[in-house]
């Protein structure tokens, strides 16, 4: 082999060309963009799951309150000794005048597609429609366009 042939082989095997690097960067960008779209939907589903979980926790606390006091709680503050964390009355409301309900009216409902994700699980989770301060009576399943989301305590 002569010297020119060896130099050409060494020059070719040194690294990647600019075009190859740009193609790899573009492919990584496309994949990262797709992941961001998927992650946004996951956040909405997680927030919807958190709301349903909190409502179920409050429902259990209400049943314990009833067992101890022979009556349903009238305010979110009545739950404080039955759960292990503070519940904000700005987000949750109790409605007991024509049925025993616990509702969520917090800011998570306004983020992304949380209402749509709640509507998708409404049948399985026992979620009902309503305004921020009271459920719809007669009860109507939650469809995502309402002000608050409600769950029957008993």
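In full-length UniProt numbering, the protein residues as written are 1 to 154. We treat Cβ as the ideally placed atom computed from N, Cα and C, and that holds for glycine.
Of the residues the options, the one placed nearest residue i, counting alpha carbons only
{"i": "residue 159", "options": "146, 106, 135", "result": "Nothing in the structure corresponds to residue 159, since the chain is present only between 1 and 154."}
{"i": "residue 88", "options": "82, 77, 81", "result": "77"}
{"i": "residue 103", "options": "37, 43, 44, 151", "result": "151"}
{"i": "residue 141", "options": "114, 122, 29", "result": "122"}
{"i": "residue 163", "options": "5, 95, 117, 33", "result": "Since the first residue of the chain shown is 1 and the last is 154, residue 163 is not available in this structure."}
{"i": "residue 73", "options": "100, 55, 52, 53", "result": "100"}
{"i": "residue 115", "options": "96, 144, 95, 108", "result": "144"}
{"i": "residue 95", "options": "137, 33, 36, 38", "result": "137"}
{"i": "residue 44", "options": "108, 131, 132", "result": "108"}
Cα-Cα separation, residue i to residue j
{"i": "residue 85", "j": "residue 17", "result": "58 Å"}
{"i": "residue 75", "j": "residue 126", "result": "21 Å"}
{"i": "residue 129", "j": "residue 148", "result": "7 Å"}
{"i": "residue 57", "j": "residue 27", "result": "45 Å"}
{"i": "residue 110", "j": "residue 153", "result": "24 Å"}
{"i": "residue 59", "j": "residue 42", "result": "26 Å"}
{"i": "residue 134", "j": "residue 64", "result": "22 Å"}
{"i": "residue 124", "j": "residue 139", "result": "15 Å"}
{"i": "residue 51", "j": "residue 93", "result": "13 Å"}
{"i": "residue 33", "j": "residue 25", "result": "12 Å"}
{"i": "residue 37", "j": "residue 15", "result": "34 Å"}
Run of the alpha helix (DSSP H) containing residue i, from where it starts to where it stops
{"i": "residue 118", "result": "114-125"}
Rounded Cβ spacing between residue i and residue j (contact assumed at less than 8 Å)
{"i": "residue 106", "j": "residue 91", "result": "3 Å"}
{"i": "residue 82", "j": "residue 61", "result": "4 Å"}
Where the beta strand (DSSP E) containing residue i begins and where it ends
{"i": "residue 92", "result": "92-95"}
{"i": "residue 149", "result": "148-152"}
{"i": "residue 142", "result": "Segment: none, residue 142 is in no beta strand (DSSP E) and carries neither H nor E."}
{"i": "residue 79", "result": "Looking at the DSSP string, residue 79 is not in any beta strand (DSSP E), and its letter there is neither H nor E."}
{"i": "residue 101", "result": "101-104"}
Would you call the region 56-69 and the region 14-34 touching, i.e. three or more CB-CB distances under 8 Å?
No: fewer than three Cβ pairs fall under 8 Å.
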